[in-house]
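Working notes for the structure below.
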Amino acid sequence: MNLFGLLNRRATAPVARERLQILLAHERKSAYQADLIAVLHKEVLNAVARHIPIDPQKVEVSMHRRDMTSVLEIDITIEPCVVDEKFRERAALAAQ
Amino acid sequence: MSKIIVVTSGKGGVGKTTSTAALGAALALEGHKVAVVDFDVGLRNLDLIMGAERRVVFDLINVAQGDAKLNQALIRDKRLPNLSLLAASQTRDKDALTEEGVERVIDELRSRFDFVICDSPAGIERGATLAMRFADAAVVVANPEVSSVRDSDRIIGLLDAKTCQAEKGGRMEKHLLLTRYDPGRVARGEMLSVEDVLEILSIPLLGIVPDNEEVLRASNLGSPIVLHNAASAPARAYTDAAQRLCGVNVPMNVPSLQTSLLRKLFGRRAA
Numbered sequence: 004m005n006l007f008g009l010l011n012r013r014a015t016a017p018v019a020r021e022r023l024q025i026l027l028a029h030e031r032k033s034a035y036q037a038d039l040i041a042v043l044h045k046e047v048l049n050a051v052a053r054h055i056p057i058d059p060q061k062v063e064v065s066m067h068r069r070d071m072t073s074v075l076e077i078d079i080t081i082e083p084c085v086v087d088e089k090f091r092e093r094a095a096l097a098a099q
Numbered sequence: 092m093s094k095i096i097v098v099t100s101g102k103g104g105v106g107k108t109t110s111t112a113a114l115g116a117a118l119a120l121e122g123h124k125v126a127v128v129d130f131d132v133g134l135r136n137l138d139l140i141m142g143a144e145r146r147v148v149f150d151l152i153n154v155a156q157g158d159a160k161l162n163q164a165l166i167r168d169k170r171l172p173n174l175s176l177l178a179a180s181q182t183r184d185k186d187a188l189t190e191e192g193v194e195r196v197i198d199e200l201r202s203r204f205d206f207v208i209c210d211s212p213a214g215i216e217r218g219a220t221l222a223m224r225f226a227d228a229a230v231v232v233a234n235p236e237v238s239s240v241r242d243s244d245r246i247i248g249l250l251d252a253k254t255c256q257a258e259k260g261g262r263m264e265k266h267l268l269l270t271r272y273d274p275g276r277v278a279r280g281e282m283l284s285v286e287d288v289l290e291i292l293s294i295p296l297l298g299i300v301p302d303n304e305e306v307l308r309a310s311n312l313g314s315p316i317v318l319h320n321a322a323s324a325p326a327r328a329y330t331d332a333a334q335r336l337c338g339v340n341v342p343m344n345v346p347s348l349q350t351s352l353l354r355k356l357f358g359r360r361a362a
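Here it is as structure tokens:
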């Protein structure tokens with residue numbers, strides 16, 4: 004490398020530092036959120052499953068972030084016949 | 092009171108095994124009873140760095156599965172009688188390690204040694220999580236380079252979430268060991284500085300190991316760097332780091348441009 008190249012070369016370490024700071028701020032946040040969603044998924048599943056039999060594959064938990072608010076979406080698919088059966092059981096119990 | 096230390100990094104090739112061997116030997120030189128344990132099942136190398144590759148008969152998996160006694164598997168160092176090695180298996184799969192098996196081995200090691208240093212495999216999978224699982228403290232090895240720092244950040248997250256220490260609600264003791272540090276490149280703005288890495292990772296600094304040709308020479312010969320050339324800059328950095336692990340307050344020696352220039356001008360022995 005000639006003298007001109009040596010003088011012209013810009014320091015790259017500050018770029019590395021800035022890229023890392025931005026990236027890690029994002030990754031730390033999303034790692035926390037992934038954990039939170041996994042925990043919510045498990046607890047919601049357990050709470051609902053105490054009353055209605057559900058297929059764990061048919062439970063979806065997601066979180067969307069907007070500018071001012073975060074939306075937690077929990078989508079649980081329940082087989083209609085299962086609900087009917089559960090109501091019948093309850094009704095039978097009540098009738099006794 | 093014995094201490095279990097995991098040497099980990101996430102990224103491969105940053106110097107975990109070199110650091111495990113060097114810290115183990117430095118602690119043994121101080122008079123402590125030390126065991127270094129290779130958790131890199133299938134890709135073991137600690138035996139080679141320690142110069143004990145032809146003495147491995149039984150390994151960690153044999154002991155964890157109850158096929159061999161710990162005594163049969165521990166290899167006593169020929170230079171330092173209070174330093175022992177427990178090798179990883181070269182032929183088995185990493186799935187052969189179970190949490191229960193590892194816990195039994197660690198418990199037994201804990202009762203016999205002052206320091207147990209676990210050399211973690213790279214990555215964040217089973218081998219790495221088992222290596223850190225029962226640790227009391229962690230040495231996070233990083234190079235001043237973007238991918239290494241990012242992976243270290245990830246590993247710090249795992250240390251705070253997936254270890255027994257963290258699950259009990261305790262705080263995992265973490266130390267940063269910055270290796271392959273080149274003060275010349277830092278001065279020219281080509282390499283992240285100590286301050287940069289510390290600011291990003293925000294865990295306490297255990298030591299700065301300069302990039303130095305003696306490290307390769309030591310590994311060629313199968314001798315931990317602190318035994319191979321105790322006067323070399325990396326050996327002194329590891330010796331100081333070992334002292335700090337024992338709670339001794341040693342002033343931090345930041346490799347400077349002058350010392351690295353002196354080394355270049357007057358040959359490797361000058362530094």
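Protein sequences appear in the order of chains H and X.
Residue numbering for the first sequence is 4 to 99, as defined by my numbering.
Residue numbering for the second sequence is 92 to 362, as defined by my numbering.
For every residue, glycine included, the Cβ atom is placed at its ideal position computed from N, Cα and C.
Remember, predicted model here, so these are calculated numbers, not experimental data.
### Query
What residues in its chain sit with their C-beta under 6 Å from that of V277(X), if we drop five residues either side in the sequence?
To locate residue 277(X), count along the second sequence from 1; it is residue 186. Cβ neighbours of V277(X) beyond the five flanking positions: S284.
### Query
Is H67(H) helix, strand or coil by DSSP?
Numbered from its first residue, the first sequence carries residue 67(H) at position 64. If DSSP states are grouped into helix, strand and coil, H67(H) belongs with the strands.
### Query
Using CA coordinates, which residue listed in R335(X), R279(X) and R245(X) is at the minimum distance from A34(H)?
Taking the first residue of the first sequence as 1, we reach residue 34(H) at position 31. Closest option to A34(H), Cα to Cα, is R245(X).
### Task
Drop a sphere of 10 angstroms on the beta-carbon of P274(X), count the other beta-carbons inside from all chains shown, and report buried for 16 or more, exposed for fewer.
Start at 1 with the first residue of the second sequence, and residue 274(X) comes out as number 183. The residue is buried, with at least 16 neighbouring Cβ atoms inside 10 Å.
### Task
Could you spell out the range, first to last residue, of the beta strand (DSSP E) harbouring G298(X)?
Translated into positions along the second sequence, residue 298(X) becomes position 207. From DSSP, the beta strand (DSSP E) with G298(X) extends over L296 to P301.
### Query
Over what stretch of residues does the alpha helix (DSSP H) that includes R20(H) continue unbroken?
Against the first sequence, residue 20(H) aligns to sequence position 17. Here the alpha helix (DSSP H) through R20(H) covers A16 to A52.
### Query
Is it buried or exposed for L250(X), if we count other Cβ within 10 angstroms and need 16 for buried?
To locate residue 250(X), count along the second sequence from 1; it is residue 159. With 16 or more other Cβ atoms inside 10 Å of its own Cβ, L250(X) counts as buried.
### Message
So if DSSP puts A321(X) in a beta bridge, which residue, or which two residues, is it bridged to?
### Response
As a working mapping, residue 321(X) is identified with position 230 in the second sequence. A321(X) pairs with nothing; no bridge assigned.
### Task
Please determine, among H319(X), S314(X) and A326(X), the residue with the shortest C-alpha to C-alpha distance to G142(X).
Residue 142(X) sits at position 51 when you count from the first residue of the second sequence. Of the listed residues, the one whose Cα sits closest to G142(X) is S314(X).
### Query
Is the CB of Q36(H) under 8 Å away from at least one CB in chain X?
Residue numbering aside, residue 36(H) sits at position 33 when the first sequence is read from its first letter. Taking Cβ atoms only, chain X never reaches closer than 8 Å to Q36(H), which makes this a no.
### Message
One question on the structure: do L161(X) and E199(X) come within less than 8 Å of each other, judged by their Cβ atoms?
### Response
For the purposes of this step, residue 161(X) is taken as the residue at position 70 of the second sequence. For the purposes of this step, residue 199(X) is taken as the residue at position 108 of the second sequence. In this structure, E199(X) lies closer than 8 Å to L161(X) by Cβ.
### Rounded Cβ spacing between I96(X) and A228(X) (contact assumed at less than 8 Å)
Numbered from 1 along the second sequence, position 5 holds the residue referred to as residue 96(X). Numbered from 1 along the second sequence, position 137 holds the residue referred to as residue 228(X). Yes, they are in contact, since the Cβ atoms of I96(X) and A228(X) sit about 5 Å apart, within 8 Å.
#### Entry: When F204(X), S310(X), V193(X) and R241(X) are compared against A119(X), the one with the closest alpha-carbon
To locate residue 119(X), count along the second sequence from 1; it is residue 28. Residue F204(X) is the option with its Cα nearest to A119(X).
### Neighbouring residues, chain H, relative to E281(X) (Cβ below 9 Å)
Position 190 of the second sequence, counting from 1, holds the residue named residue 281(X). Residues of chain H passing the Cβ test: R12, A14, T15 and A16.
### Query
Touching or not, the segment 184 to 203 of chain X and the segment 82 to 91 of chain H, by the rule of three or more beta carbon pairs under 8 Å?
no
#### Entry: Closest by C-alpha distance to G157(X), when choosing among Q181(X), E191(X) and V232(X)
Within the second sequence, the letter at position 66 stands for residue 157(X). Comparing Cα positions, the closest option is E191(X).
### Residues that I208(X) bridges to, as DSSP identifies them
For the purposes of this step, residue 208(X) is taken as residue 117 along the second sequence, with counting starting at 1. Answer by DSSP bridge pairing, in chain order: I96(X) and V127(X).
#### Entry: Range of the contiguous alpha helix (DSSP H) that encloses I291(X)
What you label residue 291(X) is simply residue 200 of the second sequence in a count that begins at 1. Unbroken alpha helix (DSSP H) run through I291(X): V285 to L292.
### Query
Taking Cβ-Cβ distances below 9 Å as the criterion, which residues of the segment 219 to 243 of chain X are in contact with chain H?
For the segment 219 to 243 of chain X, the set of positions with a beta-carbon nearer than 9 Å to some beta-carbon of chain H reads P235, E236, V237, V240 and R241 in chain order.
### Query
Would a C-beta distance cut-off of 8 Å place P301(X) and A333(X) closer than the cut-off?
Taking the first residue of the second sequence as 1, we reach residue 301(X) at position 210. Taking the first residue of the second sequence as 1, we reach residue 333(X) at position 242. Against a cut-off of 8 Å, the Cβ pair of A333(X) and P301(X) comes out as no contact.
### Query
Got a sec: is the Cβ-Cβ distance from Q99(H) to anything in chain X below 8 Å?
For this step, residue 99(H) is matched to residue 96 along the first sequence. Closer than 8 Å: no.
### Message
Beta carbons nearer than 7 Å to chain H: which residues of the segment 287 to 303 of chain X have them?
### Response
Answer in chain order: D287 and I291.
### Query
Whose C-beta lies closer than 7 Å to the C-beta of G103(X) among residues of the same chain, with five residues either side of it excluded?
The count along the second sequence starts at 1 and reaches residue 103(X) at position 12. Around G103(X): A213.
### Query
When we look at the beta-carbon of L307(X) and count the other beta-carbons within 10 Å, is it buried (16 or more) or exposed?
The sequence position of residue 307(X) within the second sequence is 216, counting from 1. Result: exposed.
### Bridge partner(s) assigned by DSSP for D78(H)
On the first sequence, residue 78(H) is found 75 positions in, with the first residue counted as 1. Answer is E63(H), bridged to D78(H).
### Task
Give me the Cα-Cα distance between E304(X) and S323(X), rounded to the nearest whole angstrom.
Sequence index remark: in the second sequence, residue 304(X) carries index 213 (1-based). Sequence index remark: in the second sequence, residue 323(X) carries index 232 (1-based). Looking at the two C-alpha atoms, the distance is approximately 10 Å.
### Task
Return no unless some Cβ of chain X is closer than 8 Å to the Cβ of R91(H).
Position 88 of the first sequence, counted from the start, is the residue given in the question as residue 91(H). At least 8 Å separates the CB of R91(H) from every CB of chain X.
### Query
Is DSSP giving K89(H) helix, strand or coil here?
What you label residue 89(H) is simply residue 86 of the first sequence in a count that begins at 1. K89(H) falls in the helix class under three-state DSSP.
### Query
Who are the near neighbours of V345(X) in its chain, counting only those whose CB is closer than 7 Å to its CB and skipping five residues on each side?
What you label residue 345(X) is simply residue 254 of the second sequence in a count that begins at 1. Closer than 7 Å at Cβ, skipping near neighbours: V285 and I299.
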